[in-house]
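Quick note, the sequences are listed as chains A and B, same order. Here the working numbering is used: the first residue of the first sequence is 815, the next is one more, and so on. Here the working numbering is used: the first residue of the second sequence is 815, the next is one more, and so on.
Number of protein chains: 2
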Amino acid sequence: MTGESDFLASLRPLAAAAAARGLADDAAVLELGGTRLVLTHDMLVEGVHYLPADPPEDVAWKLLAVNLSDLAAKGAAPVGVLMGYMLGDNAWDRAFADGFGAALRKFGVALLGGDTVAAPAGTARVLGLTAVGEAKGPVPSRSGVRAGDVLFVSGTIGDAGAGLRVLKGELPASEALAARYRRPEPRLAAGEALAPLVSAMMDVSDGLLIDAARMAAASGVRIGIDLARVPLSDAFRTALGDAQGARLDAATAGDDYELLFAVPPERAATVAALADLLDLPLTRIGAASAGRGLGLSDGGETLPLPERLGWEHG
Amino acid sequence: MTGESDFLASLRPLAAAAAARGLADDAAVLELGGTRLVLTHDMLVEGVHYLPADPPEDVAWKLLAVNLSDLAAKGAAPVGVLMGYMLGDNAWDRAFADGFGAALRKFGVALLGGDTVAAPAGTARVLGLTAVGEAKGPVPSRSGVRAGDVLFVSGTIGDAGAGLRVLKGELPASEALAARYRRPEPRLAAGEALAPLVSAMMDVSDGLLIDAARMAAASGVRIGIDLARVPLSDAFRTALGDAQGARLDAATAGDDYELLFAVPPERAATVAALADLLDLPLTRIGAASAGRGLGLSDGGETLPLPERLGWEHG
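Take a look at the structure:
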């Protein structure tokens, strides 16, 4: 999408402040007084980031969760949010507000403010959220991976993508997969616990392979991903199996909102211990080496990169 | 617009944090580790908040300026912004980015981050901005007016509303008025200087009368506005004259982005001195008394309130 690349290229010189991290990270990091603020803004567009038939409560959850996922990737605890809301159908709006309230309570986040607007008829609903978090320790970036680091991912990959196909009627019904598309879980506790240990961390929103490629590019290393190690859920295996094609689907589907992170090899045991403590799978899926770009294998076999690594939108 | 009132009523219980100020102020005030952050989020919708034919550079300016105006009303200095941008036509996007950069430089504000999205065809462009500011001193609210206070407004009122009519072809061409609609001036220096002096302050965005009525309601006082004292520009007088009807137009038009504030009467002289220092008119337009609601007069004559006080949108 060259329009977006052009636009971001025009904006990058405006983001000269160190806090902006060159617009290439999940969030901005602003040191003010003695406080380390982490700020992110993500939008959802009806028909692009959620399905028009998705329940409003789930859309509300997703709007909050995708932003909290950016905070999680930076090891920040959420403080509050400001929402930009486009009014539409009254019943939908009310259900959205109920769901948004439930999600805020679940994550212990305050609604600080925002704006509501009416929109001309025929306009797709556009929702924006700014999340403000506070980091007590170091804030990992995407660019810190060093050759020799091992790569991990949290949870399971590909469920949300399969869930979208379920909801479109392309796969048999599966509540587990649909829920993973509609209600991503921001990995806040894991992000906070991992932040002091990792060389680099980001959330997987556009697809494991494309996000790993971005991490490799930002860090100036080569990242190799072993498809055979990509963690799949039972629901995913039931729907799509775990052959190479299914694994490629999982690794390029996006909407996972899991954490992708790199640690020096001597910390791999600490990560394993943390996985037990958090009751969350943290799976070793690859390693970084000197070089550039992304490498893909399946067990011992080297694979060519698929043409599409994930979503190219921002 | 009952949809919006319902929606805000549903959200208000979620905004229990003191920082949210009950969603009834221009901005949220977040105290974090010795730092007093002021946060606001305002959106612009094509065809609602700006004209589709407005130059993209001016839309960029306006998106920044309306948010900085909220910071000004809270006496905060801007630190940075996060933008939610809907991509459209490439040339428009590029011109917007140029204009946005120029506006950021003019106000010394950093772009910290944000999101870009594509939208389905036919969707009106929706832009969102979160502005982060820092207040070194007290942060005035809308609710601090006391009986006996005098009311002031900065700059001139009604120009932007007249400018919109110029741009719609309803009034003869006037660059000065059109510029006031397209390029509002956030009163940042005045806001910072006034914050320690005022009992209450807000920006005038929806119309002087409706915003004064909101200030009266929030403060639990009656506010009387003297139409004869409402400051009009030469350009406004040329276009519309200064008879009572024109003054009512000015006071209900909105988009002024001037500061409305109350001070105890003994500080009126300090305000006058500040106006000289800032080279910005600060005009006494009324007073607060015990009671409720808004009162309107024109010189000595008491007037009934007009049916429409300003824009009811948020």
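For every residue, glycine included, the Cβ atom is placed at its ideal position computed from N, Cα and C.
Handout entry: Where B/Ile971 sits in the DSSP three-state scheme
Key = If DSSP states are grouped into helix, strand and coil, B/Ile971 belongs with coil.
Handout entry: As assigned by DSSP and simplified to three states, the class of A/Ser955
Key = Judged by DSSP in its simplified three-state form, A/Ser955 adopts coil rather than helix or strand.
Exercise for the section: Spell out whether any CB of chain B is found under 9 Å from the CB atom of A/Leu1110. Expected result: Taking CB atoms only, A/Leu1110 has no neighbour in chain B less than 9 Å away.
Problem - Euclidean distance between Cα positions of B/Trp1125 and A/Asp840 - result: Rounded to whole angstroms, the separation of the alpha carbons of A/Asp840 and B/Trp1125 is 37 Å.
Exercise for the section: Measure from the alpha carbon of A/Met900 to the alpha carbon of each residue in A/Leu1091, A/Val940, A/Gly913, A/Ala1030, then state which is nearest. Expected result: Comparing Cα positions, the closest option is A/Val940.
Practice task
If I'm right that B/Arg1051 touches B/Gly1105 with Cβ under 8 Å, what's the distance once you round it to whole angstroms?
Solution key: That belief does not hold up - the Cβ atoms of B/Arg1051 and B/Gly1105 are roughly 33 Å apart, past 8 Å.
Problem - A/Ala867 to B/Gly1109 span [Cα, whole Å] - result: Between A/Ala867 and B/Gly1109, the C-alpha separation is close to 48 Å.
Exercise for the section: Check whether the Cβ atoms of B/Ala976 and B/Leu985 lie closer than 9 Å to each other. Expected result: Yes, they are a contact pair.
Exercise for the section: For B/Val859, go through chain A and note every residue whose CB falls closer than 7 Å to its CB, in chain order. Expected result: Per Cβ cutoff of 7 Å: Val931, Ala933.
Handout entry: Identified DSSP bridge partners for B/Arg994
Key = The secondary-structure analysis by DSSP pairs B/Arg994 with nothing; it has no beta-bridge partner.
Practice task
State buried or exposed for A/Ser968, treating a residue as buried only when at least 16 other CB atoms are found within 10 Å of its CB.
Solution key: Under the 10 Å beta carbon count, A/Ser968 is surrounded by 16 or more other beta carbons and is classified as buried.
Handout entry: Endpoints, the beta strand (DSSP E) within which B/Pro870 is located
Key = Here B/Pro870 belongs to no beta strand (DSSP E); instead the alpha helix (DSSP H) covers 870–887.
Problem - Cutoff 6 Å; reference B/Ser957; Cβ partners in own chain excluding five residues on either side - result: Cβ within range, chain order: Ala1032, Ser1033.
Exercise for the section: Write down the C-beta distance between A/Ala880 and A/Ser1103 rounded to the nearest angstrom, noting that I regard them as a contact closer than 8 Å. Expected result: Before going further, note that residue 880 of chain A is Val rather than Ala in the sequence given. Going by Cβ atoms, the distance from A/Val880 to A/Ser1103 rounds to 31 Å, so no, they are not a contact pair.
Exercise for the section: Run down chain A in chain order and give the residues with a C-beta less than 9 Å from the C-beta of B/Arg960. Expected result: The contacting residues do not exist; B/Arg960 stays about 25 Å from chain A at best.
Handout entry: A/Ala832 to B/Ala935 span [Cα, whole Å]
Key = If you take the alpha carbons of A/Ala832 and B/Ala935, they lie about 36 Å apart.
Problem - the stretch 850–868 of chain B in contact with the stretch 882–902 of chain A per 3-pair CB rule at 8 Å - result: They touch, by the three-pair rule.
Problem - Opposing strand residues paired with A/Met857 [DSSP bridges] - result: The partner list for A/Met857 (beta bridge, DSSP) reads A/Gly942.
Practice task
Could you please give the first and the last residue of the uninterrupted alpha helix (DSSP H) stretch that includes B/Val1085?
Solution key: Counting along the chain, the alpha helix (DSSP H) containing B/Val1085 begins and ends at 1082–1092.
Exercise for the section: Compute the distance between the beta-carbons of A/Asp1070 and A/Gly972, then report whether it is under 9 Å. Expected result: One thing to note: A/Asp1070 has its Cβ within 9 Å of the Cβ of A/Gly972.
Practice task
Could you check the C-alpha separation between A/Ala1086 and A/Leu1096 for me, to the nearest Å?
Solution key: About 7 Å.
Handout entry: Delimiting residues of the alpha helix (DSSP H) encompassing A/Gly836
Key = In the DSSP assignment, A/Gly836 falls outside any alpha helix (DSSP H) and carries neither an H nor an E.
Practice task
Going by CA-CA distance only, name the one from B/Leu1022, B/Asp1056, B/Val946, B/Ala1076 that's closest to B/Ala1009.
Solution key: Answer by Cα proximity: B/Ala1076.
Exercise for the section: Please look up how many angstroms separate the CB atoms of A/His855 and B/Gly927, rounded, as I've assumed it's under 8 Å. Expected result: With a Cβ gap of about 6 Å, A/His855 and B/Gly927 count as contacting.
Exercise for the section: Could you check if A/Arg919 is buried or exposed, using at least 16 other CB atoms within 10 Å of its CB as the buried criterion? Expected result: A/Arg919 counts as exposed, since fewer than 16 other beta carbons sit within 10 angstroms of its beta carbon.
Exercise for the section: Please decide whether A/Ser957 counts as near chain B, where near means a Cβ-Cβ distance under 9 Å. Expected result: Chain B has no Cβ within less than 9 Å of the Cβ of A/Ser957.
Practice task
Ignore the nearest five residues each way along the sequence and tell me which others in A/Val1044's own chain have a CB closer than 8 Å to its CB.
Solution key: Val967, Ile971, Gly972, Leu1022, Arg1061, Ala1064, Ala1065, Thr1097, Ile1099, listed in sequence order.
Handout entry: Neighbouring residues, chain A, relative to B/Leu822 (Cβ below 8 Å)
Key = Going along chain A in sequence order, the residues near B/Leu822 (Cβ under 8 Å) are Thr930.
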